[in-house]
Each structure stands twice: as structure tokens, then as C-alpha cells.
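All remarks here apply to the structure that follows.
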Amino acid sequence: MQWWKATLVVLGVAALFSLGIILGHFDIPKKAESTGPTSLSQDLDQELLDNVMAQLDANRIRENLRELSLKPHLATSLRDDSLVELFMEKWQNPEWGLDAARKGVYEVLLSFPSQKQPNSVRVVSPQGQILFNARQKEENLTEEQGDPEVVPPYAAYAPPGSPQGPLVYANRGSEEDYTYLKIQGIDLKGTIALTRYGGVGRGAKAINGAKHEVAGLLVYTDPGDINDGLRFPNETFPNSWALPPSGVERGSYYEHFGDPLTPYFPATPSAFRIETADIQGFPPIPVQPIGFEDAQTLLCNLNGSLAPSSWQGALGCDYRLGPGFLDGGKFPQDSQVNVTVYNRLELKNSSNVLGIIHGAVEPDRYVLYGNHRDSWVHGAVDPSSGSAVLLEISRVLGTLVKKGEWRPRRTIVFASWGAEEFGLIGSTEFTEEFFTKLQERAVAYINVDIAVFANATLRAQGTPPVQSVIFSAAKQVRAPGTSNLTVYDNWLQHSNRSSPVHGLIPSLGSLGSGSDYAAFVHFLGISSMDIAYTYDRSKTSARIYPTYHTAFDTFQYVETFLDPGFTSHQAVARTAANVLLRLSDSLLLPFRVSDYNETLWSFVQAAQEGLEPALTQNNISLGPLVTAVRRFERAVVALEQLIETLKNPADPLKVRMVNDQLMLLERAFLNSRAFPKEYYYSHVLWGPRTSTVSTFPGLADACLEAVKTPSDPATWATVRKQLSIAVMAVEGAAAALEAVDSF
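Residue numbers are given in the numbering used here: position 281 of the sequence shown equals residue 281, and the series is strictly consecutive.
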């Protein structure tokens, strides 16, 4: 056969084959298409929202919590591993309807106390006699505390050692607190410092102390900070929600987040790992947390000058500074305190679990919803209240997909993060591994860590564009209790502020580094939020719920004192699910970027009031920053006018274009040079700030340092650099919102 005839035959067969595929494509129904939006322009379905919120069941959340908090589940423990399988089993179960579930395993560096050699705190006489031993475990009040899997109180990542020295009281362990002691003539070298939780981070208490040559650190929770002064056994759990005298707050004392050995790399087998000796942010001295009953024995027998009134607490005595003990007190004056720590570092495999529902129209746009799984002990509040809500939302949405009644416009990714308590490790490793994909495709991250602190009101934190989404959702959920208020109205009564644009609105907090949203917002620049129910701050001064990170954070505690009917859990589930659907199903992303105007102008005003006099003296002008914010404001107005023309769009590509502008705005505020001494922090607006001036944190802190050394030109050069970073970020954000064809 001639070559050209053979070619014609082949082409004819191929054409017929292709025609068959095309006809078959239209003849065979597709599940994703039949359950998804009926058109590219379909918008959020209010009936669907109502249906989902009605199906979220308080009793199911209750039973989820019972199962999740049944046993202690410290990260990488056998119980934690069994909960990994529980999430996998549910999300892989065809009855749940999710499209996929998978694990992500990372080998990370964790810190544990020795099982054979318990950490100890002792008072030792001048002759070496042991006069007092602090508790090595909490009192077994409700049987759960006696579980053999309860990890003894310890300070994760504190080094081993056995320092001994005179005791001093250092209040909250801030730099200013230690400096005050030195001003009072107290030689801190070789001392053991007793500090209370709060004020500064756990790790900072040890780092600050080490700068002043403190040899060891004790940390306790003062009943004045957590219990509204309640300190007797009959006043505290199990008789109330207050922390019992033996309760000890565990926690990570690592200053950064992510796996300590692999900063900026996912902790996979091929990852580069630094040497343990090169890790930055570990406590430099041994640390041990204790209960306030033991702190009372030490502090109420301490000698020295009377501590300032702001340093006093609720242990029933006058707090003194030390060093040494009172003459005629419980211990001889020259007795010393010994702190012996046997903590060890260990490489462990920690797992994230992901559950996925693919989007029908924009499968390459991801809305992420996460909560960590690991706890210090039973963790009924932290984090299992959030995990119980996560499971219920994923069940309801997955069931709708299975029934063919719905499929989201965009892909939804549910996440159960591992090893959060040790420093947000699971979520940080995830953002490192999928950095490019997430930066290009992630729409938003919703975090529900502790779902319920208490049952009074909503507490939400987030970047400004998500404010309107949370408000819209909260207005559609009924608040728990007998009133007919919505969650929004109830929230407005408990916590509000006056907005120059919106009038009186609920207060939305900003995002620091307290939970798994940290890497998403600070490292990736993804619009993020954290949602919970909490207590009435007019009725308690507790800095957090009292049994936080202790062996008393149990199912009984939640059911008895925090949320007896689980209606607050249900309200959080309904609010979070409403937010999730708005982000996954709305044709136009419901971000109100104009809310960044208010933030930026407030930052400018704070800089003008708090920094401008010093800046002017050094020939530094805030004019370029004002100009940049005005440009941003104009860009917002123009974009919102364009959005109004897209309410009934004929061109889906224009919708996609605008959505990308809305999605990528947060990324525009990133600058990897903004905080050179801090891991992961690159969001110019929300980075860490030491200065009391509520403006661009890098600029505020640079100015604070420069004012301390006014004759040093290098410090003022840093101020100019930070001002340039702020201007560049705002101009970049404005450019991201301006018309895409006007380069």
C-alpha cells in the first residue's frame, strides 16, 4: 500500500475513534458535574446554607468529643497514632462521601521527659538535706489524672540539668522584670527564678533569665491570673471550672514554630537538617513548671524586699523578691532550690491527615479548614473541641456530596494537624512542602483550634478581608441560650469597637502565632481566621480557660462547666461551616478588601502620633507612606466598582480575574526581609512587635531601638529601611488591586 493511502486510513480511524470519545463524553453522566453548580455563574445557595446548618448536630459533636478525649494523646503517642487512623477511617469511608483522604508523615524533633527519671524541684538545706519536694504529677481527682499515659508536667525543649541556687521571684520573667531585680541590688547570677505564666511567652522567660545569668527557672500559674483568686480545693475543679492547686500548665518553650531541625524545609527524608547545637530558640537553662500549691510553699516563705503591687498575686501572702528564705519560716534562711530536669530530644514520625472534596468549577482553588489533633493530656478543650466540630462539618458536607445534592465550586481541604503543641509543627511542615501550590491556589485558611473556651460569646481573629465573611455568617446563626439573638448580635454585646466606616461592630482580633494559622498568614500570605466561643470577660479575669494544658482538661470538665448542652460547639460549627461555604461556593470571593483601608490608615495615624517626632528630628518623612496608602485606597474603590458590574456576569474569565486579585492581596504584604531575626515572619503588617506603637511592626521596633541609641547612624538606617519595606508593601498591595491591564 502506498504511504499516503496508509496515512489516510490511519487518520480516518483516528477521527472515528475521537468522535466516539466525544459522543461518549456527553452520553455518560459525570458525578462531579451532576452534583456541582449548574452553570459557571451559579452563586452561593442560601437554601444549602440553611440545610447544612440544620444538619450540624450537637449530640454528634458531643460523642465525637467523648471519643477524641477518652485517653491522653500526646503527639506521636500510640493514642495519637490511633486518632490518625480514626480520621483516615472516617474520611475514607464511602458513607462520609469525601473524595479522598491521605496522610502526610514528617520526621520531626520533639522533646519528652524521662520515663525512668522524673524531673524534680526540691528545697535543700545548707547541709544538703532535702526539706521539700514539689509534686511530680497532678492530684488524681477524677481518675483521669491517674491514667498511666498522662505525661508528667514538663517544659518541652528545656535542656537537662540540675542547677541549684538561691530562689528569687521574677514576676512574669520579662526583660523588664529581671532588670528591676538588678536595680534592687539583687545579684541574679546562679539563682533559681520563680516566675508566673503570662506577660511574655514561655520560652522568653528562660531566655531573658539566662541573659542575666539565672541558672534555672520555675514557672507556675497564679490563681489571680486564672481563677479570679480561687485557690482552695473546695473552690476549684471538680467543684468549679477553676484550676486545682496541683494543676500544672505544660507547654512548648521553643521560641519559633515548625520542626526545629528543618527551618524552611519540610521534614521529609530528603530534607537538610541543621545540627542540634545550631538550633535557635531553645531555652538555654533548665526549666520546670509547677502547681500553685507548690509555688505558694516557695513564694510565701521567700525573704527580701516586698515585690511591687503589680507583682502581687492571690496565694494568700505578701510576695517578696528574695533571695533566700524568711528567718523563722518553713526553711532555713540559706536553703537553696534545686531544679533537676531529665528531658530528652527524640526524632519522631508525626502525621497530618487531609480529607478532600474536589471543586466542580474551580478545583484548582483551595479553601482549607484545619485543627490540630495532638494534646498535652486528654485535651478535651484543646484541641478536641475543635476536632469534634471538624469531624461533624466534614460528615455533613461529605454526605451531601455522596447523595449527589451538592459539590463545592472550589476544592475544600480538611486538615487534622500533628504536633501543634510542640510549635505548630504539622501545619508548618505542610506549608513548607506545598509552598508553591498553596501560594498560587489557596483562597483562605479557616482555623478552629479550641472551638469552645466557654459558652458566652463568639471570639474571632483574622486578617481584615475576612471580617465581612465572619460577620455575614454570624448573622445567620442563632446564639446559644434562651434569647433570640444571633451569634453576631450576642458578639456585638460582649466585644465591640467603633469603626469609622461601619459604625459599632464586633471586635475582630489580629493573628499572632498562637495556633496553626501562623504559617498560613505569616509565611504564605493566605487570608486566615480563627473562630471559637469564649467566656464573658466582664465576669472573669482568666487569661485563658483555667485547666489549659493540664490533666484536668477532660470531657467531664467540658460537659459540666463549659458547654453542658454542646450548643456552643454547635454554634461554632454552624458559623465555621457557613464561612466555609461562603468561601467555597460564592461566585465572587466574599472578601471585603476595603476593610484594609481602615487598618492602614490606623497604622499611619499611630506612626504619626507615636513615631513622627523622632523621625522628623532625623530627617525621615512619613509622606511616602501616606501617598502609598492613598494609592491603595483608590485601587480599592476602583476594584469594588468593577465588582459591582460583575454581579450578573457574562464573562467567567473576568470573575476569575477579580477573584485572583482578591485572593492574592494578602500575598502582596509579604517581604522576606521585613523581620530578619524571626523565622517565617514576612507579613509586613502582622509580624511580631515589641514597641507599644500600634503601627507597622518592623518600623515601630526599629524606631524604638534607634531612640535608645540616637547617636548611632546604623539604627536610623534600619528605620529608613523598615519605612521603605512598609511603603513597598502597601504600593505592592495597591498594584495587586489595580486594573490588571494597566501595568
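C-beta atoms are modelled at their ideal positions from N, C-alpha and C, and glycine is treated no differently.
Unbroken beta strand (DSSP E) stretches of 3 residues or longer found wholly inside the stretch 458-536: 496-499, 503-506, 528-534, given in chain order. A straight-line Cα-Cα distance of about 24 Å links Ala739 and His683.
The distance from the Cβ of Asp530 to that of Ser515 is about 6 Å, consistent with a contact at the 8 Å cut-off. Contact between Val123 and Gly216 fails: their C-beta atoms lie close to 13 Å from each other, not under 8 Å.
Counting along the chain, Val730 sits inside the alpha helix (DSSP H) bounded by residues 713-737.
Residues of the same chain with a CB within less than 7 Å of the CB of Val655, apart from the 5 flanking positions on each side, are Leu587, Leu588, Leu646, Pro649 in chain order. Within the stretch 300-372, the beta strand (DSSP E) runs of at least 3 residues that lie entirely inside it are, in chain order, 336-340, 344-357, 362-372. Sequence-distant Cβ neighbours of Asp489 in its own chain, meaning closer than 6 Å and more than five residues away, do not exist here.
In the structure shown, the three-state DSSP call for Thr436 is helix. Distance from the CA atom of Thr221 to the CA atom of Gly418, rounded to whole angstroms, is 26 Å. Ser416: member of the beta strand (DSSP E) spanning 410-417, first to last residue. Counting along the chain, Ile192 sits inside no alpha helix (DSSP H); it lies in the beta strand (DSSP E) bounded by residues 192-196. Each residue's CA atom was taken as its position, placing Tyr154 and Asp660 some 46 Å apart. Under DSSP, Lys103 shares a beta bridge with Val353. Taken in chain order, the complete beta strand (DSSP E) segments of 3 residues or longer contained in the stretch 233-292 are 287-289. Cβ neighbours of Glu139 within its own chain (closer than 6 Å, five residues either side excluded): Ser246. Beta bridge pairing from DSSP links Gly216 with Ile192. Nearest C-alpha to Ser310 among Asn171, Gly104, Gly512: Asn171. The beta carbons of Val693 and Ala635 sit no closer together than 8 Å. Within the DSSP secondary-structure output, Ser682 pairs in no beta bridge.
DSSP lists Tyr366 as the beta-bridge partner residues of Ala442. For Ser499, same chain residues with a beta-carbon under 8 Å away, outside a window of 5 residues either side, are Ile505, Glu598 in chain order.
Note that the C-beta distance between Glu392 and Arg60 is below 8 Å. Across the structure, Gln145 and Leu243 are spaced so that their CA atoms are roughly 13 Å apart. Two segments are said to touch when three or more pairs of C-beta atoms, one from each, lie closer than 8 Å; by this definition the stretch 379-388 touches the stretch 546-553. As computed with DSSP, Ile130 is found in a beta bridge with Val124.
Partner residues in the beta bridge of Tyr169, as assigned by DSSP, are Leu194. As a beta-bridge residue in DSSP terms, Val452 pairs with Tyr533.
Secondary structure at Leu70: coil, using DSSP grouped into helix, strand and coil.
Here Tyr517 is near Ser528, since their CB atoms are less than 8 Å apart. For Ala460, same chain residues with a beta-carbon under 6 Å away, outside a window of 5 residues either side, are Ile470, Leu508, Ile531 in chain order. Taking Ile207 as the centre and dropping the five residues before and after it, the same chain places the C-beta of Glu255, Pro283, Pro284 closer than 8 Å to its C-beta, in chain order.
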